[in-house]
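Colleague:
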Amino acid sequence: MIVCDSVRKKSIQFHYDLSTLFYRAFWGRHIHHGLWEQDESPVVAQQRLTETLAGLAGIKRGDAVLDVGCGMGGSSIHLAKVLGCQVTGVTLSPVQRRWATWEAWRSGVQSSTRFLCHDAETLELPDESMDVVWSIECTEHLYDKARFFQRAARWVRPGGRVAICAWLAGERTDPEAQQRVFDVCEGFLCPSLGTAADYDNWMTAAGLQMEQEINWTDRVARTWEICDERVRKSRVRWLARMIDSETTLFLDRFPTLLQAYREGSMQYGCFIARKV
Ligand SMILES: C[S@@+](CC[C@H](N)C(=O)[O-])C[C@H]1O[C@@H](n2cnc3c(N)ncnc32)[C@H](O)[C@@H]1O
């Protein structure tokens with residue numbers, strides 16, 4: 039695991055409060071990578087990642103789902119609308135909570151969704167109250183990932199699943215690769231990035247049985263070619279300089295992330311584990 043001690047939770051919240059509008063304008067309703075097959079649009083690729091995870095997690099009609107780090111509610115609304123799930127979305131950002139609530143209302147799923155502004159690391163839920171704990175690209179922002187999985191395992195019912203997509207530190211241990219991962223952590227406000235083996239250990243130690251562990255690095259990396267090009271063609275970098283140094287650093291680290299995927303210092307993983 040690579041650790042970046044300088045990341046503050048307040049900065050993570052500020053980042054999502056500030057940038058949600060930009061994510062929506064420049065990327066789409068999901069704040070996550072696309073999963074490419076060929077040269078589809080980013081919107082199609084993002085939707086494929088959500089739908090593929092739902093399929094792998096075996097989500098059934100009416101399942102109770104906790105969406106940890108729900109962003110604008112992209113996954114939550116999809117699961118409620120298409121699969122009739124009862125979804126609780128949790129985000130650190132009050133702006134995102136309001137945004138997701140409004141989008142759910144616009145999509146006609148306000149009665150099967152609820153959105154909370156809460157830190158997932160201190161959230162209290164009744165034991166065995168969920169069929170699925172779902173999280174796309176939020177665990178990167180958590181400080182105690184092992185403890186999070188202990189709690190997630192308590193929240194799911196026996197037979198329930200924990201379905202995770204996450205940015206990972208790769209297998210390379212040379213100083214250059216480790217520095218690259220650190221630079222990504224710093225720019226993208228991740229207090230740490232675990233390896234695939236770390237995720238496996240955390241989930242297994244929490245009593246979950248790993249069912250699927252998939253490396254999607256090659257299928258998602260294109261995200262950063264497109265994002266970097268969109269930033270270069272816009273005035274966003276100029277705007278970021280007016281805001282603060284953390285927002286500028288975030289944009290400056292897009293090419294770092296792409297390089298990290300290409301050289302193997304980072305990976306992108308999908309994990310499905312079951313509570314037995
Ligand atoms: C990269 S976005 C992913 C959003 C969403 N899962 C999606 O795929 O569109 C990360 C999300 O994690 C949330 N987040 C980060 N740290 C969190 C925490 N400690 N508790 C709850 N949410 C958190 C952010 O507010 C944001 O919504």
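For what it's worth, our numbering labels the leading residue of the sequence shown as 39, then goes sequentially.
Using N, Cα and C, we set each Cβ at its ideal position, and we do this for glycine too.
#1: Taking Trp140 as part of the alpha helix (DSSP H), name the residues at either end of that continuous run.
#2: Just to check, is the beta-carbon of Ile97 closer than 8 Å to a non-hydrogen atom of ligand 1?
#3: To the nearest angstrom, how far is the alpha carbon of Gly307 from that of Leu91?
#4: Should Gln51 be counted as a contact of ligand 1 given a C-beta to heavy atom distance under 8 Å?
#5: Relative to ligand 1, what is the chain-ordered list of residues with a Cβ closer than 6 Å to any of its non-hydrogen atoms?
#6: Any contact of the segment 130 to 146 with the segment 103 to 114, i.e. 3+ C-beta pairs under 8 Å?
#7: With a threshold of 7 Å on Cβ separation, who are the neighbours of Ile13 within its own chain once the five nearest residues in sequence on each side are excluded?
#8: Just checking my contact of Gln305 with Leu94 at CB under 8 Å: how many whole Å lie between their CB atoms?
#9: Classify Gln305 as helix, strand or coil using the three-state DSSP reduction.
#10: Please report the residue range of the alpha helix (DSSP H) in which Gly93 lies.
#11: Under three-state DSSP, which class holds Phe226?
#12: What residues in its chain sit with their C-beta under 6 Å from that of Gly122, if we drop five residues either side in the sequence?
#13: Which word fits Ser272, buried or exposed, when buried means at least 16 other C-beta atoms lie within 10 angstroms of its C-beta?
#14: I need the straight-line Cα distance from Arg62 to Ser79, nearest angstrom please.
Modeller: In terms of the structure at hand:
#1: Judged by DSSP secondary structure, Trp140 falls within the alpha helix (DSSP H) whose first and last residues are 132 to 144.
#2: no
#3: Gly307 and Leu91 have their C-alpha atoms some 11 Å from each other.
#4: yes
#5: Ile50, Tyr54, His68, Ile69, His70, Gly107, Cys108, Gly109, Gly112, Ser113, Val128, Thr129, Leu130, Ser131, Gln134, Asp157, Ala158, Glu159, Ile174, Glu175, Cys176, His179, Leu180
#6: yes
#7: Examination of residue 13 is not possible in this model, given that the chain is present from 39 through 314 alone.
#8: The Cβ separation is near 17 Å, so there is no contact.
#9: strand
#10: 80 to 94
#11: coil
#12: Answer for Gly122: Arg99, Gly100, listed in chain order.
#13: exposed
#14: 15 Å
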